[in-house]
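Asker: What follows is a structure written as structure tokens; I'll ask about it next.
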Ligand code: HEM
């Protein structure tokens, strides 16, 4: 009898949750703080939870993965571009898909900020995912959640870790060009700079080093590392921490004048494989960006030890990357009746 009562209780709760989340897709129950959702990072999930679309769009994950598989098969770099898109979204007004909005009467697009212009990409893939989701479950899955799912899917399809992804973000009706310029760290940042900009988002040194490991895939333009080759400290000398042969190789892709859009892999050993080689390369003087190098040599806090630890133990890196991605994905989401679910990720409704 007692067993029956408990079972009945579960059924009623499940039914109520389903009904309420169907009626109010934006209403989370704060499961985020309990059990699995926030559990991996120990951080609160602000009402986001992995089962958010369980009843309203159970196919959501499958649709996202199927589009990603095709896009990444066609161009392996796309995984990197989509991972970065989620990062550049979350650091500006929180993870609210503000980065996806185009210029319009009311919007000054973040796509034209210094860190984004001529650099962020992957918008067409997000559009394709959104179009398929609108067909299957109209106006249900937010663009901000699509970015988070695309970032995780891209990591997994590149050979990296997976994680239970809290969902239920809603989309902003605004964007901020100036916040995009101010909050996203530039590649020539000092370590202190990086730490401060991450702290502003509630992320610590461990998150900084682990998330920088995202540079295990993808490429950077010559413009973003040229200073290291020709004038690192305003004395017309290269960055002394660069390993010699790597330095000569980079000079051949990135001449002193011109060539700003030439690209070089962030992890030249395995540019489309998500692994821990990025950290090993830093130890060998073969990290591409100044922001990569200073994690080892910047001499603030504990980051040097973390680089060494992740270089030695890929599993440790994967576990921390997953935790830190959940933490980054939880930055100030819009939930409940805030924001909206856009029909087209490029425009407010
Ligand atoms: C720590 C501070 C960071 C700085 C200063 C930084 C800077 C950069 C720069 C300058 C590029 C090349 C852009 C271009 O040439 O157009 C880049 C690419 C990339 N970044 Fe970061 N980044 C940082 C953190 C992150 C984080 C947290 C992630 C994700 C977790 C990430 C993922 C990527 C990826 C995947 C690419 C390659 C994109 C592609 O190939 O399209 N970065 N980053």
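In mature numbering (1 follows the signal peptide of the UniProt record, and there is no 0), the protein residues as written are -23 to -1, 1 to 326.
Even for Gly, the Cβ is constructed at its ideal location relative to N, Cα and C.
#1: Taking C-alpha atoms, which residue in 97, 157, 185 lies nearest to residue 170?
#2: Any chance the CB of residue 164 is under 7 Å from a heavy atom of the ligand HEM?
#3: Straight-line CA distance for residue 7 to residue 28?
#4: What does DSSP give as the partner residue(s) for residue 172 in the beta ladder?
#5: Note down the Cα distance separating residue 302 from residue 78, rounded to an integer number of angstroms.
#6: Among 236, 261, 233, 237, which residue has its Cα nearest to the Cα of residue 245?
#7: Whether or not the stretch 61 to 80 and the stretch 148 to 160 are in contact is what I'm after, with contact meaning three or more pairs of Cβ atoms, one per stretch, closer than 8 Å; do they touch?
#8: Helix, strand or coil: which one does DSSP assign to residue 147?
#9: Which residues in the same chain have their Cβ closer than 7 Å to the Cβ of residue 219, if we skip the five residues on either side of it in sequence?
#10: Any heavy atom of the ligand HEM closer than 7 Å to the beta-carbon of residue 201?
#11: Just to confirm, is the Cβ distance from residue 43 to residue 114 under 8 Å?
#12: Give the DSSP-derived three-state secondary structure of residue 287 in the structure shown.
#13: My output table needs one value for residue 299: the three-state DSSP class, helix, strand or coil.
#14: Residue 382 by DSSP, collapsed to three states: which one?
#15: I'd like to check one pair, residue 127 with residue 74: are the Cβ atoms closer than 8 Å?
#16: Taking DSSP as the reference, what is the three-state secondary structure of residue 41?
Answerer: Reading from the atomic positions:
#1: Per the Cα distances, 185.
#2: Under cutoff, so the answer is yes.
#3: Bear in mind that the predicted position of residue 7 carries a pLDDT of just 27, short of 50, making it unreliable; the figure below should be weighed with that in mind. About 12 Å.
#4: Paired residue(s): none; residue 172 is not in a bridge.
#5: Going by C-alpha positions, residue 302 is about 23 Å away from residue 78.
#6: Measuring from the Cα of residue 245, the nearest candidate turns out to be 261.
#7: Three or more pairs of CB atoms, one per stretch, sit closer than 8 Å, so the stretch 148 to 160 contacts the stretch 61 to 80.
#8: Note: residue 147 maps to strand in three-state DSSP.
#9: The beta carbon of residue 219 sits closer than 7 Å to those of 205, 262, all from its chain and outside the five residues before and after it, given in chain order.
#10: At least one heavy atom of the ligand HEM is nearer than 7 Å to the Cβ of residue 201, so yes.
#11: No.
#12: In the structure shown, residue 287 sits in a helix (DSSP, three-state: H, G or I).
#13: Residue 299 carries a helical assignment under DSSP once its states are collapsed to helix, strand and coil.
#14: With the chain covering only -23 through 326, there is no way to say anything about residue 382.
#15: In this structure, residue 127 does not lie closer than 8 Å to residue 74 by Cβ.
#16: Residue 41 carries a helical assignment under DSSP once its states are collapsed to helix, strand and coil.
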